[in-house]
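Heads up, the thing below is written out as structure tokens.
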Amino acid sequence: MLERPRAAERVVLVRLGLGQPVQPEDLEEFQQLALSAGATPVVTITGRRERPESRYFVGSGKAEEIASAARTHEADAILVDHPLSPSQERNLEQLSGRRVLDRSALILDIFAQRARSFEGKLEVELAQLKHLASRLVRGWTHLERQKGGIGLRGPGETQLETDRRLLGARVRSLTRRLDRLKQQRDTGRSARAEIPVPAVALVGYTNAGKSTLFRALTGSEVYVADQLFATLDPTVRRLRLPGGAMAVLADTVGFIRELPHELIAAFQSTLQEARSAHLLLHVVDASDPRREEHIEQVDSVLREIGAGAIPQLRVYNKIDRLGVQPKLERDVQGRAVAAWIAAASQSGLDPLRDAIAERLTLQVQRVWLHLPPEGGALRARLFAAGVVRDERSLEDGALELLVELPAPELRNWVSLPGVRLLEPQPRPGLAACAAPEPYLESEPAAATVRC
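Take 1 as the starting number for the sequence shown in this note's numbering and just add one per residue.
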């Protein structure tokens with residue numbers, strides 16, 4: 001059985017162009033993945049095929065070239081920048097005598113090194129076990145048959161079956177523990193939702209500068225490095241906006257092309273921060289020549305995890321590399337849609353904060369809520385949150401409150417027993433308000449509406 005490569009192992013990199021030549025940017029990204037995993041690339045082999053070959057993924061001649069290069073350069077492992085089937089991995093390993101890892105296994109290895117929180121480590125282990133489940137046969141083919149002889153004949157369990165059973169038991173155990181952690185995280189998120197503070201999530205292609213921007217906006221001492229997947233565990237901090245208003249900012253894991261589905265399925269806690277946000281800050285490396293392609297890849301992952309409909313504010317980072325001045329872009333309605341900044345030098349952050357406050361304010365709805373006579377606790381929660389703009393009492397003891405809430409929070413309130421939505425109406429003797437007040441206020445809410 002071939003041993004798993006250790007850090008700083010010498011590796012051969014393999015990248016094919018399927019139907020087209022190998023793109024230099026894809027090859028550079030793959031080299032960065034190898035370096036991020038702690039490997040030392042000693043040779044890179046490229047090629048072109050119209051479609052993958054069933055036995056080795058590459059052709060038989062290219063497979064011999066890879067095996068020869070691994071022996072010549074005394075490589076310890078072969079990294080292939082494509083998803084391989086278990087049989088293709090096994091065939092390449094038998095031919096070369098080296099451990100073979102495909103793109104998914106390489107990214108999983110990086111995630112295993114970067115996970116710091118208890119939940120993150122469990123999620124990585126679960127993803128690795130699911131990836132390994134179909135590849136067990138590689139290591140245990142020599143133990144697939146039961147032993148024969150006196151006293152050893154009859155029904156039994158092969159080593160492969162034992163290994164699969166143990167792996168399945170570990171997967172179920174990890175799933176149960178992650179479900180409990182998810183309940184705890186959901187409880188904390190529900191507690192925060194009772195006092196509706198807007199949530200903003202940073203998303204973007206890996207190494208676009210999300211963690212640098214997170215540190216610049218919040219002052220939090222989070223880990224920052226010029227490498228792929230430098231940040232893995234979700235981090236949530238308070239974000240102070242113009243006027244003293246507060247929001248919650250979450251830093252999430254970076255996306256990448258061909259992100260393994262095992263990771264998308266496993267990292268629900270990290271991705272939930274994006275799904276539950278009121279606004280997404282989509283961070284883009286402005287200096288990257290393939291930034292438009294990366295934008296589409298991030299949007300594709302967001303759609304896959306159910307966050308495609310959440311409003312976005314595009315943030316073009318690293319403009320200092322282009323010699324561009326900070327600026328805000330607005331659409332035909334005058335709404336801020338993009339900010340050009342340099343997070344490392346903290347250039348353009350004030351206009352970005354203004355744009356965030358503006359976009360969060362635009363999502364707030366000003367409506368009347370009807371509370372039942374027994375809704376005193378609900379009234380107290382709304383006043384504690386500072387979202388009440390007016391109040392009136394009815395003869396039966398019911399209450400009607402004029403509130404300003406984001407659409408998702410408003411739906412949660414309307415779903416409570418006895419709470420219903422009313423048409424906005426001005427109080428008798430008062431003129432209708434000209435424009436809704438911002439949701440993000442620094443001062444406590446007044447008990448009367450200001451017109």
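Glycine is no exception: its CB is placed at the ideal position from the N, C-alpha and C atoms.
Pairing Gly97 with Arg71 gives a Cβ-Cβ distance under 9 Å. In this structure, the alpha-carbon of Glu74 lies about 11 Å from that of Pro41.
Here DSSP, grouped into helix, strand and coil, assigns Asn207 to coil.
About 7 Å separates the CB atoms of His82 and Leu16; that is less than 8 Å, so the two are in contact.
In the same chain as Asn317, and ignoring 5 residues on each side of it, the C-beta atoms closer than 8 Å to its own belong to Ala208, Gly209, Thr212, Leu213, Val283, Val284, Asp285, Ala286, Ile341, Ala342, Ala343, in chain order. Unbroken alpha helix (DSSP H) runs of no fewer than 4 residues, entirely contained in the region 332–399, are found at 349–362, 376–385, following chain order. Judged by DSSP secondary structure, Ile305 falls outside any alpha helix (DSSP H); it is assigned neither H nor E. Contact between Leu174 and Glu125 holds: CB atoms are separated by about 6 Å, below the 8 Å threshold.
Listed in chain order, the non-local C-beta contacts of Gly59 below 7 Å within the same chain comprise Arg49, Glu53, local neighbours out to five positions each way being set aside. Residue pairing by DSSP places Asp285 opposite Asn317 in a beta bridge. With at least 16 other beta carbons inside 10 angstroms of its own, Ser104 counts as buried. Under DSSP, Val236 shares a beta bridge with Ala250. The residues Ile319, Asp320, Pro326, Ile341, in chain order, have a CB closer than 8 Å to that of Ser347 in the same chain once the five nearest residues on each side in sequence are set aside.
Within the same chain, and ignoring the five residues on either side of Asp331 in sequence, the residues whose Cβ sits closer than 6 Å to its Cβ are Val337. Rounded to the nearest angstrom, the gap between the Cα atoms of Ser393 and Glu400 is 6 Å.
In this structure, Leu178 lies away from Leu106, with their beta-carbon atoms at least 9 Å apart. The residues Leu95, in chain order, have a CB closer than 8 Å to that of Glu64 in the same chain once the five nearest residues on each side in sequence are set aside. Per the C-alpha coordinates, the member of Val22, Pro24, Leu241 positioned closest to Leu249 is Leu241.
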